[in-house]
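Everything in the sequence shown is counted per the working numbering, starting at 244 for the first residue and increasing by one.
We treat Cβ as the ideally placed atom computed from N, Cα and C, and that holds for glycine.
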Amino acid sequence: MKDQNCGYCMRGELLEKFGIYVCDLSVSSLVLFKEQSHPGRCIVAYKDHVSEIVNISDEERNAFFADVNRVAKALHAIFKPDKINYGAYGDTGCHLHMHLVPKYKDGFEWGGVFEMNPNKKFLTEQEYKSIIEKLKANL
């Protein structure tokens, strides 16, 4: 089930406004968040357009969190964060997804208030490509 107005469902221009599709996982897709104030920030988006975690079976939920865990392990291997924050938002997007936000003790927002999109740090195409290659190699 897909929503024609959803970037996670349709990809293309809708997704490119904020993220870069990386790959499909077991029951979800991995998206690199374009704004990289938190180096390595990603989104794991469930394969179907469902709003809430209660809208999927226990088996699907377990598989979704296994995908989140798989990405978290890759982020730890690549970026060595001090902590990864996990956020499930979607007041307006209504597509089940999880933000994985690596945090660093000497970095942006450590111990502070999280900004959904601080709009401060964007990378070159080559830098995005390098992160994507590292993610794929560590999944």
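For this session: Check the DSSP bridge columns for Phe365 and list the partner residues they point to.
Result: According to DSSP, which records beta bridges pairwise, Phe365 is partnered with nothing at all.
Exercise. Can you tell which of Ile263, Asp246 and Gln247 has the C-alpha that lies nearest to the C-alpha of Glu368?
Worked result: Ile263
For this session: List the endpoints of the continuous beta strand (DSSP E) containing His292.
Result: Unbroken run through His292: none, as it is neither H nor E.
For this session: Count the other C-beta atoms from every protein chain shown that fall within 10 angstroms of the C-beta of Arg345, then say buried if there are 16 or more, exposed otherwise.
Result: One detail in the question is off: residue 345 reads as Pro in this sequence, not Arg. The residue is buried, with at least 16 neighbouring Cβ atoms inside 10 Å.
Exercise. Could you give the residue range of the alpha helix (DSSP H) that holds Tyr251?
Worked result: Gly250 to Met253
For this session: Figure out for me which residue from Gln279, Lys260, Lys245 and Leu275 has the closest Cα to the Cα of Lys290.
Result: Closest in alpha carbon position to Lys290, among Gln279, Lys260, Lys245 and Leu275, is Lys245.
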